[in-house]
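**Student:**
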Amino acid sequence: MSRTNPPHRRPGRRTALTAGLLAGALAMGAGALGPASAADGPGTYARVDNPYVGAQVYVNPDWSARAAAEPGGDAVADQPTAVWLDRIAAIEGTDEAMGLREHLDTALEQAGGEPIVFQVVVYDLPGRDCAALASNGELGPDEIDRYRDEFIDPIASILRDYESYENLRVATVIEIDSLPNLVTNVSGETATEACREMAANGNYVTGVSYALEQLGAIGNVYNYIDAGHYGWLGWDSNFGPSAELFHETATSNGASVDDVAGFIVNTANYGPTVEPYYSVTDTVNGTPVRQSDWVDWNQYNDNQSFALAFREKLVSLGFNSDIGMLIDTSRNGWGGPDRPTGPGPQTDVNAYVDGSRVDGRIHTGNWCNQAGAGLGERPTAAPVPGIDAYAWIKPPGESDGASEEIPNDEGKGFDQMCDPAYQGNARNQYNPSGALGDAPLSGHWFSAQFQELLANAHPPLS
Ligand code: BGC
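Quick note on numbering: the sequence shown equals residues 3 to 464 in my numbering.
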């Protein structure tokens, strides 16, 4: 994934950017399987407004076992995390990872006949991760036919087999980073050749609209489109154009706004849900904090304010008024000894913002294996109106990218933003990467990071 930052806004400048539970569920045995009601047929029931309300959320046994094997990991091993379909082979499963069908069957067992949300990330677009290299994928820029035939169609076909389980609610997270990259990384200083190519061939829009349409046709599927994060799309120059592109995409190639349950922000990123000690509308000695180096003219300083405003914007453009937002809170806690406990000094805007902010990054454009990060809010349904859930989509402990070149057959490249020694690029305003060293390939288990996330959890682990 890239989680790139934004091109700009400041005139004339650059920018920014259970185990226990599981055992209990398994003990319920096969009695938990089977349609909730014999009368249920495919698509015969209405979707609920917020799938997370009144439902448990699936605990991925693969992740849970890895977390539980870590010292201290038991404290979170029973938390729900998303299943990532990040390559064609992930659908059937591998020696190390369960396939989609096995996950769905296990979800039904965990549910014990009660409502359950199954969170799944759909992530294999042609030319994936065009502004970064760490999560480049297996499909070349032009392989849209393979995306449809070998990736989306098989996923849809499996999900259709589970459509009659009325208590199963499938929340899909659709193609992280793809559409935002088309907004911010096709022109100017932050442009990449790969993003220009994806804009020109249209395959991100074609792929996302195809996924929305195919998956949205399944009665118990709730599609959430990835909407970057506040430190990427929060500038006026990116906010409106992104919302417009999302609407255009959701209404092309047979997709419709009815195929969209909502949007997700901060997927696999580190931006706080809420900055408790300062607001973007504060001033210091008459100077608006928006002018501080950290805020840098962004309209938002945290993901929740961004998500709620973005929701309004999306509805104004034609999305349904009941769409809900998700916030990935898996790694945005920023607890530990360095976390501020109140507002910073009122000497100047920079001292004030830097002393107030809980976000411990060097720059909001930093996205890879951030040093000092902690687990964020535990998964929570409907924390505030407009937000469907705080969810752990990026499984804590899985790397964002290798800190040095590692040959691999996953299509993954080496992105310098994952190298602790790297001094940055236009997308993070030439700041150090802030990444941890000794990191494995993206998606691979990174024990040292998991330990930091536990230690710096906020709210702290009890
Ligand atoms: C990787 C995927 C992985 C996901 C979840 C991404 O950065 O590219 O392969 O499944 O993270 O850890």
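Don't be surprised by glycine CBs; every beta carbon is placed ideally from N, CA and C.
Computed from a predicted structure; not experimentally measured.
Please work out which residues of its chain come closer than 6 Å, Cβ to Cβ, to G75, disregarding the five sequence neighbours upstream and downstream, and give them in chain order.
**Tutor:** The answer, listed in chain order, is A69.
**Student:** Can you determine whether any heavy atom of the ligand BGC sits closer than 7 Å to the C-beta of E400, and answer yes or no?
**Tutor:** Yes, the Cβ of E400 comes within 7 Å of a heavy atom of the ligand BGC.
**Student:** When you measure from the CB of A270 to every non-hydrogen atom of the ligand BGC, does any distance come out below 7 Å?
**Tutor:** It does: the Cβ of A270 is within 7 Å (strictly closer) of some heavy atom of the ligand BGC.
**Student:** Look at S401 and A441 and say whether their C-beta atoms are less than 8 Å apart.
**Tutor:** Contact flag set, yes.
**Student:** Per DSSP, what kind of secondary structure is G218 in: helix, strand or coil?
**Tutor:** Helix at G218.
**Student:** Kindly give me the distance between the Cβ atoms of I118 and Y164, rounded to whole angstroms, as I take these residues to be in contact under 8 Å.
**Tutor:** No, I118 and Y164 are not in contact; Cβ-Cβ is about 11 Å, not under 8 Å.
**Student:** Taking the continuous alpha helix (DSSP H) assigned at N153, which residues delimit it?
**Tutor:** For the record, residue 153 in the displayed sequence is Phe; it is not Asn. Note, F153: premise wrong, no alpha helix (DSSP H); not H, not E.
**Student:** Suppose the cutoff is 6 Å on Cβ atoms and the five residues either side in sequence are ignored; what does the same chain contact list for G139 look like?
**Tutor:** Same-chain partners within the cutoff: D126, R130 and G413.
**Student:** Tell me, which residues are paired with M327 by DSSP?
**Tutor:** In the DSSP output, where bridge partners are listed per residue, M327 has F265 and I389.
**Student:** Less than 8 Å between the CB atoms is what I'm expecting for T285 and Y224, so what's the real figure, rounded?
**Tutor:** About 41 Å; that fails the 8 Å criterion.
**Student:** Please check the pair T275 and K396, which I expect to be a contact at CB under 8 Å, by giving their CB distance rounded to whole angstroms.
**Tutor:** About 14 Å separates the two Cβ atoms, so there is no contact after all.
**Student:** What whole-angstrom Cβ distance do R313 and M327 have, given they're in contact under 8 Å?
**Tutor:** Sure, about 5 Å apart at Cβ, within 8 Å.
**Student:** Quick check on DSSP: helix, strand or coil for P383?
**Tutor:** According to the sequence shown, residue 383 is Ala rather than Pro. Residue state, collapsed to three classes: strand.
**Student:** K315: beta carbon under 7 Å from a heavy atom of the ligand BGC?
**Tutor:** K315: no, Cβ never under 7 Å from the ligand BGC.
**Student:** Evaluate S358 with the Cβ neighbour count: other Cβ atoms within 10 Å of its Cβ, from every protein chain shown; 16 or more gives buried, anything less gives exposed.
**Tutor:** S358 is buried by the Cβ-count criterion.
**Student:** For the alpha helix (DSSP H) that Y224 lies in, which residues bound it at each end?
**Tutor:** First-last for Y224: V223 to D228, but that is the beta strand (DSSP E), not the alpha helix (DSSP H).
**Student:** Under 7 Å from any heavy atom of the ligand BGC, does the C-beta of S444 make it?
**Tutor:** At least one heavy atom of the ligand BGC is nearer than 7 Å to the Cβ of S444, so yes.
**Student:** Any heavy atom of the ligand BGC closer than 7 Å to the beta-carbon of S137?
**Tutor:** Under cutoff, so the answer is yes.
**Student:** Does W234 come out as helix, strand or coil in the three-state DSSP assignment?
**Tutor:** In the structure shown, W234 sits in a helix (DSSP, three-state: H, G or I).
**Student:** For a minimum of 4 consecutive residues, which ranges assigned as the alpha helix (DSSP H) are wholly contained in the stretch 130–199?
**Tutor:** List check, alpha helix (DSSP H) in window: 155–163 and 180–186.
**Student:** Per DSSP, which residues does V276 bridge with? Please list them.
**Tutor:** According to DSSP, which records beta bridges pairwise, V276 is partnered with nothing at all.
**Student:** Can you list, in chain order, the residues of its chain with a C-beta nearer than 7 Å to that of R103? Leave out the 5 residues immediately preceding and following it.
**Tutor:** Contacts found: I160.
**Student:** Tell whether a beta-carbon distance below 8 Å holds between L316 and F416.
**Tutor:** No.
**Student:** Less than 8 Å between the C-beta atoms of V360 and W296, yes or no?
**Tutor:** No, the pair does not count as a contact, with Cβ atoms beyond the cut-off.
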